[in-house]
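Everything below concerns the one structure shown next.
Protein chains in written order, with the numbering used here: chain H, -13 to 375; chain B, 80 to 424.
Here's what the structure looks like:
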């Protein structure tokens, strides 16, 4: 079953190569490198969108994390087992989930804290919560994002004066935005617009008032669909580049690092939650049963557009590709994975609708991660051959 | 895929076998047992022992399916194609004998599709008697339990309860040669892979030093690492002491590799995905080595391991999963025997 060279010229190579049915990387280093390359695509996209500021956030986070590890290696013996690749990936995840308005010094501090957490938690693989993601959530809470202030930040060093970029092909800036200075526009956060609109329409989703609210939101306040797809909107550094995320996901899927079935199941359960969940926290609080499935009362074209906007403005795609690809996220047993993805998907949809001030999918997966060993233990995998013996 | 330049002319003729015994051709299962045990083949041959065990287990019951497996238990091996090229007529004669002994049950010849060209003559001859089933993946589907599952619509079947008997092509070849020559085999074909040489097949005498086998093939092993039965589930041989055994299907020589250090499990789950018998190697390893508080796996699952070695091979952390499970299995079997017999083995 091996690829065997039959020529004498192949003398330098071993005659017995890796079997061809294992089209996977077989070393941890290659494993992490693949994730790193895939993750760099949405980060590069984010740099294109947000300019040098995003580059500085990424650079400071990664540098701080690596330097912390270097120091820890010199000081402690235990840190020798901590791979740099894992630290770099965690720092990249942290940078990807950082708000674009995050101060540089805070990004660097987050990188230091993250490496310290990995070290304290017992090195990669032993912990069941990704330290990078945990710190990213804490950072989101610490920094916050002003809901309607100057959000979309671009640097004149990279793309020139912002007001002159209107003519660039894929940047169709909303005309109503107010330019402040050379490198920022005032654009309301899509999450904020969505939650505010849904809260207003959730009581009577079929009414004319709700129809008007939705028209207003989708027509004037939210970026148009192509801009959403291309990431020309406020958001987190590595999360806005949908195309970069999808290309990275395809690469990880090809390398068998991302399980396409797990990705599909997560997105399916998220959509299920969005379709049958409440429209807002307000509706959920007041009329629990009546609030479920509120999206079905909307006109079909509005409902479809709403799902589209929710999927692309949230972190669903980013989390479903990169968090699920990270080793240690999912339980090991298939049935446990199924339950994990079901719970995480529904939770993510719920968090999105109740306007949690955190990335919904990342938060949901992170909350489920400590339960993974428990799910593995209560839903064990039974061998079909073991039953016979 | 096997070596494309592998031709029949590259395989040397078989050496003369031992002095012929005087038993007649077997006609029933008892005579077949005697033939296999005493006359036809060495009893140390693992596949023949497996056939004997199957005959003993099934007894007089009807055999529902006879599977002739052209797949190999060793991933690097192309033993099915080689046997078919060596003597297809002997194989067909053996298949007919086995089918006759088992009262002509439905017979299935399973082969790897990539070997179709090399198996052409055998498939043509066997087509009248057997139904042909070409598989895309041959490893580790060659294991009798996995093969029984595949050929039964992926149901979890017990080959003995279902009356399924499986025989490999090498056993058929040796049995066929014994029938033709009325002689006991003393050699078996072995594939040799070495750095800088074209892969080759030689007839190796059982019990001969492995070092001499390489010299016989015109290869000086020197200071190389020798691995028997492949990189996935094989074992390293000490060239100064190792002797040829019946279960050695391939011999590979390579420079001593730089060892990779095992590190902590990163819980990627690849071992679970790749396991053909659906066990959780990472959890078994954790319960064996790390003594984690929560038992993530039933230790008895280790009994289901077929030693294919896939989990160890793909593990990015280089954990000795397969060896650990084998150790656990041996421990459980030892305990079971001790509990049943009250004495140590």
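Glycine residues also receive a C-beta, built at the ideal position from the N, C-alpha and C atoms.
Limits of the beta strand (DSSP E) - the one that residue i falls within
i             : result
residue 309/H : No beta strand (DSSP E) holds residue 309/H; DSSP gives it neither H nor E.
residue 144/B : 144 to 148
residue 187/B : 186 to 191
residue 243/B : 243 to 247
residue 376/H : Beyond the ends of chain H as shown, which are -13 and 375, falls residue 376/H; an answer cannot be given.
residue 228/B : From DSSP, residue 228/B is part of no beta strand (DSSP E) but of the alpha helix (DSSP H) over 223 to 229.
Chain H contact residues for residue i, given Cβ-Cβ distances below 9 angstroms
i             : result
residue 409/B : Correct list: empty, because the minimum Cβ distance to chain H is about 14 angstroms.
residue 228/B : 370, 371
residue 223/B : Per Cβ cutoff of 9 angstroms: no residues; residue 223/B is ~11 angstroms from chain H at best.
residue 136/B : By Cβ distance, chain H contributes nothing, its closest Cβ being about 12 angstroms from residue 136/B, past 9 angstroms.
Same chain only: Cβ atoms within 7 angstroms of residue i, ignoring 5 sequence neighbours per side
i             : result
residue 195/B : 213
residue 244/H : 235, 238, 307, 310, 311
residue 112/B : 131, 134
residue 40/H  : 32, 33, 86, 223
residue 252/H : 306, 310, 327, 330, 331
residue 96/H  : 47, 80, 121, 125
Straight-line gap, residue i to residue j (C-alpha atoms, nearest Å)
i             : j             : result
residue 259/B : residue 169/B : 7 angstroms
residue 240/B : residue 316/H : 37 angstroms
residue 341/H : residue 126/H : 14 angstroms
residue 327/B : residue 68/H  : 40 angstroms
residue 78/H  : residue 286/H : 38 angstroms
residue 176/H : residue 220/H : 7 angstroms
residue 264/B : residue 272/B : 24 angstroms
residue 356/H : residue 115/H : 6 angstroms
residue 136/B : residue 298/B : 43 angstroms
residue 262/H : residue 368/H : 34 angstroms
residue 50/H  : residue 100/H : 10 angstroms
residue 301/B : residue 317/B : 12 angstroms
residue 407/B : residue 207/B : 46 angstroms
residue 278/H : residue 73/H  : 41 angstroms
residue 409/B : residue 151/B : 24 angstroms
residue 225/B : residue 354/B : 11 angstroms
residue 405/B : residue 281/H : 55 angstroms
residue 220/B : residue 238/B : 14 angstroms
residue 336/B : residue 389/B : 19 angstroms
residue 363/H : residue 411/B : 21 angstroms
9 angstroms Cβ cut-off: residues of chain B touching residue i
i             : result
residue 67/H  : 342, 343
residue 376/H : The displayed coordinates of chain H run from -13 to 375. Any statement about residue 376/H would go beyond what the structure contains.
For residue i, the residue or residues it bridges with in DSSP
i             : result
residue 266/B : 284/B
residue 272/B : 331/B
residue 201/B : For residue 201/B, which the question treats as bridged, DSSP gives no partner whatsoever.
residue 358/H : BP columns for residue 358/H are empty, so no partner.
residue 304/B : 333/B
residue 85/H  : 222/H
residue 279/B : 271/B
residue 253/B : Answer is none; residue 253/B lacks a bridge partner.
residue 322/B : 288/B
residue 278/H : 264/H
Residue i: contacting residues in chain B (beta-carbon distance under 7 angstroms)
i             : result
residue 318/H : 346, 348, 351, 359, 361, 362
residue 356/H : Within 7 angstroms Cβ-Cβ: nothing; residue 356/H doesn't reach chain B, min ~13 angstroms.
Contacts around residue i, its chain only, beta-carbon distance under 8 angstroms, and the 5 residues preceding and following it disregarded
i             : result
residue 215/H : 228, 229, 298
residue 192/H : 283, 284
residue 274/B : 303, 332, 333, 334
Run of the alpha helix (DSSP H) containing residue i, from where it starts to where it stops
i             : result
residue 288/H : 286 to 299
residue 213/B : Counting along the chain, residue 213/B falls outside any alpha helix (DSSP H), though it belongs to the beta strand (DSSP E) covering 210 to 214.
residue 339/H : 320 to 339
residue 14/H  : 14 to 36
residue 199/H : 194 to 202
residue 314/B : Note, residue 314/B: premise wrong, no alpha helix (DSSP H); beta strand (DSSP E) at 314 to 316.
residue 261/B : Here residue 261/B belongs to no alpha helix (DSSP H), and DSSP marks it neither H nor E.
residue 249/H : 246 to 262
residue 345/B : Looking at the DSSP string, residue 345/B is not in any alpha helix (DSSP H), and its letter there is neither H nor E.
residue 168/B : 167 to 180
Cutoff 6 angstroms; reference residue i; Cβ partners in own chain excluding five residues on either side
i             : result
residue 339/B : 397
residue 129/H : 85, 88
residue 358/B : 380, 383
residue 419/B : none
residue 334/H : 256, 346, 347, 350
Neighbour list for residue i in chain H, Cβ cutoff strictly below 8 angstroms
i             : result
residue 418/B : Residues of chain H passing the Cβ test: none, with the nearest at roughly 16 angstroms.
Cross-chain neighbours of residue i in chain B, by beta carbon under 8 angstroms
i            : result
residue 17/H : 345, 347, 395
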